[in-house]
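Below is one structure, written out as structure tokens; comments come after it.
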Amino acid sequence: MLAKIAFSVGGTVATGVVLGRVVKAETDTVFLVMGFVLVTLVGLAEMIRPSRFSDS
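Just so you know, this note's numbering puts 5 at position 5 of the sequence shown, and the rest follows in order with no gaps.
This is the structure in structure tokens:
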């Protein structure tokens with residue numbers, strides 16, 4: 001589970017940075033914060049209901 005969350009964090013950060021570079025350098029923080037919130041919510045949901053996010 002931790003590896004999956006870490007991978008999601010890495011992907012989110014990379015995507016946010018790339019989008020930030022395309023739009024404006026100042027928006028990096030906004031994308032990183034939004035991505036962090038999303039990953040945190042997904043991580044909490046995964047801890048509460050692992051069956052929903054389990055790989056089949």
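Note that beta-carbon positions come from the ideal geometry of N, C-alpha and C, so glycine has one too.
Asked: Pair within 8 Å by beta-carbon distance, G35 and V13; Found: yes
Asked: Same chain, Cβ closer than 6 Å to I5, five either side skipped, listed in chain order; Found: G43
Asked: Buried versus exposed, by CB contacts within 10 Å (16 or more), V39; Found: buried
Asked: Rounded separation between L2 and V33 - CA only; Found: 20 Å
Asked: C-alpha distance - V30 paired with E46, whole-angstrom precision; Found: 24 Å
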